[in-house]
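Engineer: Just so we're aligned: the sequence shown equals residues 7 to 295 in my numbering.
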Amino acid sequence: MLWVVTLLSVIAGNFAFSMRGEAQIARNLLSAAQAQAQADAGVYRAWYELMKPPTELNRWVGDGAAHDLSLADGVLRVSIQDESGKIDLNTASELLLVGLFRSAGMTQESAVALADSVQDWRDTDKLRRLHGAEEAEYVAAGKSYTPPNAPFETVDELQRVLGMTPQVFRLLEPALTVYSRQPGVNTAVAQRQALLAIPGVSPEMVEQFLVLRASMMASQQPAPVFVGAGAFASGPGGLPAYAVRSEVKMADGTAFVRQAVARITRDPKRPVVVLAWGEGESEQSSGTK
Numbered sequence: 007m008l009w010v011v012t013l014l015s016v017i018a019g020n021f022a023f024s025m026r027g028e029a030q031i032a033r034n035l036l037s038a039a040q041a042q043a044q045a046d047a048g049v050y051r052a053w054y055e056l057m058k059p060p061t062e063l064n065r066w067v068g069d070g071a072a073h074d075l076s077l078a079d080g081v082l083r084v085s086i087q088d089e090s091g092k093i094d095l096n097t098a099s100e101l102l103l104v105g106l107f108r109s110a111g112m113t114q115e116s117a118v119a120l121a122d123s124v125q126d127w128r129d130t131d132k133l134r135r136l137h138g139a140e141e142a143e144y145v146a147a148g149k150s151y152t153p154p155n156a157p158f159e160t161v162d163e164l165q166r167v168l169g170m171t172p173q174v175f176r177l178l179e180p181a182l183t184v185y186s187r188q189p190g191v192n193t194a195v196a197q198r199q200a201l202l203a204i205p206g207v208s209p210e211m212v213e214q215f216l217v218l219r220a221s222m223m224a225s226q227q228p229a230p231v232f233v234g235a236g237a238f239a240s241g242p243g244g245l246p247a248y249a250v251r252s253e254v255k256m257a258d259g260t261a262f263v264r265q266a267v268a269r270i271t272r273d274p275k276r277p278v279v280v281l282a283w284g285e286g287e288s289e290q291s292s293g294t295k
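1) What is the DSSP secondary structure of Ser76, counted as helix, strand or coil?
2) Kindly give me the distance between the Cβ atoms of Leu102 and Gly190, rounded to whole angstroms, as I take these residues to be in contact under 8 Å.
3) Taking just the CA atoms, how far does Thr193 sit from Gly236?
4) Assign Ala196 to one of three DSSP states: helix, strand, or coil.
5) According to DSSP, simplified to helix, strand and coil, what is Val161?
6) Which stretch, first to last residue, makes up the alpha helix (DSSP H) that contains Leu102?
7) Return the first residue and the last residue of the beta strand (DSSP E) that Leu133 is part of.
8) Does Met222 come out as helix, strand or coil in the three-state DSSP assignment?
9) Could you check which residue in Asn155, Leu82, Val67, Ala121 has the C-alpha nearest to that of Leu133?
10) Tell me the DSSP secondary structure of Val69 in three-state form.
11) Asp131: buried (16+ other C-beta within 10 angstroms of its C-beta) or exposed?
12) For the candidate residues Gln214, Asp79, Val267, whose alpha-carbon lies nearest to that of Val184?
13) Nearest by alpha-carbon distance to Leu136: which of Ala147, Asp69, Ala146, Val124 is it?
14) Going by other Cβ atoms of all chains shown within 10 Å of its Cβ, with 16 needed for buried, is Pro209 buried or exposed?
15) If you count every other CB in all the chains shown that lies within 10 Å of the CB of Gly293, and 16 or more means buried, which is it?
16) By how many angstroms is the C-alpha of Ala72 removed from the C-alpha of Lys295?
17) Roughly how many angstroms separate the alpha carbons of Arg272 and Tyr54, rounded to a whole number?
18) Measure the alpha-carbon distance for Lys58 versus Arg51 and round it to whole angstroms.
19) Look at Asp79 and Met256 and say whether their C-beta atoms are less than 7 Å apart.
20) Report the start-end ranges of each beta strand (DSSP E) in the segment 254 to 285 that is 3 residues or longer and not cut off at the edges.
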C-alpha cells in the first residue's frame, strides 16, 4: 500500500510541476503578444503625428528624436527618421559614397574601390569600373552570386557587395536607405553619421551644426542651413518616406521592437503606403543604440 501512495505522490508532483510550467508559458506568450501589440500601436501613433498639419505645435517630426510614452504595464519609446536624411544607395553620387566609406574609417583606396563596386552592383551594365567588381571578380572571390546589375532593393543587400565588411556595415546601416530617391542628404533631419559622410565636412562642423539645429528646432524655428553640405544637400523630396522604430519594454522584462518604413501620402483613400515592416533588435539586447 505504501508504494501506491508513493507513486501517486510522484504523479501528483509531476502533474503540478507540469501545470506550473504550462501556466508560465501561457503568461510569457500573453506578455509577448501584448508587447507586440503595444509596439505596433506606437508605429500607428507615429503615422498619426506625421499626418498632423506642419504648423501644429509639438508635432512629431522625422528628426530621429525619441518620444517616451508611459503605459499601464511598461514604457514605449518611438522615434521617426525621415529617410531623406539618409544616403540612398541607389542615387548617391560616387563622391558621396566615397565620403560615406571614409567616414567609417576606410582608407581612400578602399573607399574608392567599394564605391566603384556599389555602382557596379546597381548599374544596368556588366562593364567593370576602374576599381569596381563585376561577375568575374565575384567568381574569383569564391562568391556563389554575382551583381544583379539592378538597384538595391534593401539596405541589407549592401553586405553582399565585394569589399564590404560586417564592421563597416553595422556602423553605416543607420545612415543608409533605398527610399529617399535623393542624390544628397537632407541636412534638416540627417543624423550624425550621414552628415559625416559629406566630403569636406569635419566632425567639429557636424557637432556645431547639430547643436544649432537642436536649439532652433526646440524654439519652433526652421532648421538652419548646413553650409558645409554644399552641393551634397538635398530636400525632402516629393513624397518623403519615414522609418519608425517603436520599442516597448514591459514591467515583467518582455521587450519587442517594431520597425516600419512608409510614405505619408495625405490621400484620404490611402494615407499611408507601407514599404517595409519587420521586427527590430531591442536596445537592451544590442547595446549599440
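Positions of the beta carbon are idealized from the N, C-alpha and C atoms, including for glycine.
What you are looking at is a predicted structure, and each value in this text was computed from that prediction instead of being measured.
Structural biologist: Let's see:
1) By one-based count along the sequence shown, residue 76 stands at place 70. Here Ser76 sits in strand by DSSP.
2) For this step, residue 102 is matched to residue 96 along the sequence shown. For this step, residue 190 is matched to residue 184 along the sequence shown. Right, their Cβ atoms sit about 7 Å apart.
3) Here residue 236 refers to the residue found at position 230 of the sequence shown. Here residue 193 refers to the residue found at position 187 of the sequence shown. Cα to Cα, the separation comes out at about 10 Å.
4) Locating residue 196 in the sequence shown gives position 190, where the first residue counts as 1. Three-state result, Ala196: coil.
5) Against the sequence shown, residue 161 aligns to sequence position 155. Correct three-state label for Val161: helix.
6) Looking up residue 102 in the sequence shown gives position 96. Taken as a continuous stretch (DSSP letters only), the alpha helix (DSSP H) holding Leu102 covers 100 to 109.
7) Indexing the sequence shown from 1 puts residue 133 at position 127. Premise fails: Leu133 is in no beta strand (DSSP E) and is neither H nor E.
8) As a first step, residue 222 must be located in the sequence shown, where it is residue number 216. In this structure, Met222 counts as helix in the three-state DSSP scheme.
9) Mapped onto the sequence shown, residue 133 falls at position 127. Of the candidates Asn155, Leu82, Val67, Ala121, the one whose C-alpha sits nearest the C-alpha of Leu133 is Asn155.
10) Indexing the sequence shown from 1 puts residue 69 at position 63. In the sequence as displayed, the identity of residue 69 is Asp instead of Val. The answer is strand: DSSP assigns Asp69 an E or B state.
11) Stepping through the sequence shown from its first residue, residue 131 is reached at position 125. So Asp131 counts as exposed.
12) Your numbering for residue 184 matches position 178 in the sequence shown. Ranking the options by Cα distance to Val184, first place goes to Val267.
13) Position 130 of the sequence shown, counted from the first residue, corresponds to residue 136. The shortest Cα separation from Leu136 among Ala147, Asp69, Ala146, Val124 belongs to Val124.
14) On the sequence shown, position 203 is the one that residue 209 refers to. Exposed is the call here.
15) Position 287 of the sequence shown holds residue 293. The pLDDT assigned to Gly293 is 48, lower than 50, so where the model puts this residue is not dependable; a value taken from the coordinates is nonetheless given after this. The residue in question, Gly293, is exposed, as its Cβ has fewer than 16 Cβ neighbours within 10 Å.
16) The residue labelled residue 295 in the question sits at position 289 within the sequence shown. The residue labelled residue 72 in the question sits at position 66 within the sequence shown. Interpretation of Lys295 is limited by its pLDDT of 40, a score under 50 that renders its predicted location unreliable; no figure is taken from the coordinates.
17) Within the sequence shown, residue 272 is the residue found at index 266, counting from 1. Within the sequence shown, residue 54 is the residue found at index 48, counting from 1. Those two C-alpha atoms are separated by around 11 Å.
18) The residue labelled residue 58 in the question sits at position 52 within the sequence shown. The residue labelled residue 51 in the question sits at position 45 within the sequence shown. Taking the straight line joining both Cα atoms gives about 11 Å.
19) Here residue 79 corresponds to residue number 73 of the sequence shown, with the count starting at 1. Here residue 256 corresponds to residue number 250 of the sequence shown, with the count starting at 1. The answer is yes: Cβ separation under 7 Å.
20) 261 to 270, 278 to 285
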